[in-house]
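Read left to right, the sequence shown gives residues -22 to -1, 1 to 390 (mature numbering (1 follows the signal peptide of the UniProt record, and there is no 0)).
Glycine included, every Cβ here is placed at the ideal spot set by N, Cα and C.
I have placed the structure first, in the form of structure tokens, so that the comments after it can refer back to it.
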Amino acid sequence: MMVWRILLPALAAGLACAAALADDEMALQLADQAAQVSEKPRDVSVLLESALLVGAGQPGMQRQSVDVRWNGRLGQDWQGVLADRVDSRFFDAPARNQTVNTLKEAYVSRTIDERRILDLGRINTRYGVGYGYNPTDFLGQGTVRSVVSADQESWRQNRLGNVMLRWQNLWDSGSLTAIWSPRLAGQPDNRGSSPDWGASNPRDRLLLVLSQHLTPTLYPQWMLLNEQDGSPQLGFNLSWGFDNATVLYLEWAGGRQQRMVDRALAADTPSVWHNRSTVGINWSSAGKLNWIVEWQFDGAAPDRQDWQAVQANPAQYGAYRAAMANSSDLLTRRSAMVRAAWQDAMIDKLDLVAIYNLDLIDHSASHWLEARYHLGACDLALQWQQNRGGALSHYGAGNTAAIWQLVFDYFY
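Below, the structure is given as structure tokens:
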């Protein structure tokens, strides 16, 4: 019976895709016979997703997801945004079934004039020029409720926003943003239907962001975070278009913090200055092939000696891994990432993506591949993931067997 939970929605979406393709073909036939009429963009977008995950030693799992986004006008100077995602997982053992709701965004926006905007509500701010690790993504820490992909971009898109008051002042070559995000709850709430204010707003925070184009290809950004019971944190982002095909980028954050292991164990240790950084290169070829190579560093994370000490203590190791389970921070001090994406690979509408993550401290690694075919309003994707490393390593802990995931998306 469980298989019908994925087959029936996929079949229905497939019929919708076939109908959409037929409509597209008819539209092409009529294009030469009638003038094109511009349509008002829809305020609502919907994603229906079905997924089947299988792997040696893994419990069978099927997932149904609904992702809805509304962006519409509420008046002459007012706009509203609502984005919500529901992930329902079905296992071989029904007692493990779970549904998680992620209220990503819910806010109103007031355009005061052509240069000033005021926003109020839950907003997902995504700061940082890095791809796999973003030390300046200050407000996004601990806001992922449901992981549906190993691709970090999915984590940034499908997470809780923060409740905030945001003021933006814009000019031709830059902007100044001020964000106040208040404390709403002290601890995360893991209930599936919870808005989880404790994950998105665990303490009072004030963030200032100054962005300024120095040249058409040189774009720096400066950041200052002040948060309750914490030391101020500085942030800096820089992207430079070296040529038409190459972008070099740097992301840095620094400030006084406890070591990450001490934070996970709630140890009473002093805060000291730590640097976090990402350095990378993004290169695109004429053949629609894109490469990203990235080096990542977190001075507060364990180095080789500290990591070996944590691994040797089962209680510390378990507590640290649990605290970092859905964190976007680095588990150890140094990592590297390579990402390759090929659009229209070999045939039209077929996209290939490969991501390789390497822990430079314990040399464990994660491999992730995706083949995605676009079919009108539908996508069909096959994903493969495998980790390697020692039993207590970053990526080797748990099952290292290959995992396959078949994903069917319908966009409306």
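Worksheet entry | Segment contact flag, the segment 187 to 194 with the segment 121 to 139, C-beta cutoff 8 Å, min 3 pairs | no
Discussion item. Spatial neighbours of Ala318 within its chain, please: C-beta separation below 6 Å, excluding the five flanking residues on both sides.
Written reply: Trp269 and Ala332
Worksheet item: To the nearest angstrom, how far is it from the Cα of Ala242 to the Cα of Lys266?
Response: 43 Å
Practice prompt. List the DSSP bridge partners of Arg63.
Written response: Paired residues: Asp45 and Thr80.
Worksheet item: Skipping 5 residues on each side, what residues in its chain have a beta carbon closer than 6 Å to that of Leu31?
Response: Met39 and Gln383
Practice prompt. Scan the segment 133 to 217 and note each continuous alpha helix (DSSP H) run of 4 residues or more that stays entirely inside, going in chain order.
Written response: 175 to 178
Practice prompt. Check the C-beta distance from Ser262 over to Arg234 and give it rounded, since I have them as a contact under 8 Å.
Written response: Actually they do not touch by this definition, with Cβ atoms about 39 Å apart.
Worksheet item: What is the rounded straight-line gap between the Cα of Ala177 and the Cα of Gly164?
Response: 8 Å
Worksheet item: Who pairs with Met39 in a beta bridge, going by DSSP?
Response: Leu31 and Phe69
Item to complete: Measure the C-alpha to C-alpha separation of Val385 and Leu26 and round it to an integer number of angstroms.
Response: 10 Å
Worksheet item: Over what stretch of residues does the beta strand (DSSP E) that includes Val125 continue unbroken?
Response: No residue range can be given for Val125, since it is assigned to no beta strand (DSSP E) and is classified by DSSP as neither H nor E.
Worksheet item: Roughly how many whole angstroms lie between the Cα atoms of Val(-20) and Ala287?
Response: Here the model assigns Val(-20) a pLDDT of 45, short of 50, so the residue's position is not dependable and the matter cannot be decided.
Worksheet item: Nearest to Arg20 by alpha carbon, out of Asn49, Gly33, Ala29 and Val78?
Response: Considering only alpha carbons, the answer is Asn49.
Item to complete: Reducing DSSP to helix, strand and coil, say where Met315 ends up.
Response: strand
Fill in: Supposed close pair Gly213, His252 - CB separation, criterion 8 Å
Rounded, the Cβ-Cβ distance is 13 Å, inconsistent with contact.
Practice prompt. Identify the continuous beta strand (DSSP E) that holds Asn296 and give its terminal residues.
Written response: As written in the sequence, residue 296 is Gly, which differs from the Asn given in the question. Not the beta strand (DSSP E): Gly296 falls in the alpha helix (DSSP H), residues Pro292 to Ala301.
Worksheet entry | Three-state secondary structure assigned by DSSP to Gln236 | The answer is coil: DSSP assigns Gln236 none of H, G, I, E or B.
Practice prompt. State buried or exposed for Lys82, treating a residue as buried only when at least 16 other CB atoms are found within 10 Å of its CB.
Written response: So Lys82 counts as buried.
Practice prompt. Ignore the nearest five residues each way along the sequence and tell me which others in Gly108's own chain have a CB closer than 8 Å to its CB.
Written response: Tyr227, Glu229, Thr256, Gly258, Glu272 and Gln274
Worksheet item: For the alpha helix (DSSP H) that Gln361 lies in, which residues bound it at each end?
Response: Here Gln361 belongs to no alpha helix (DSSP H); instead the beta strand (DSSP E) covers Cys356 to Arg366.
Worksheet item: Hey, out of Asp207, Leu188, Trp218 and Arg51, whose CA is closest to Trp200's CA?
Response: Leu188
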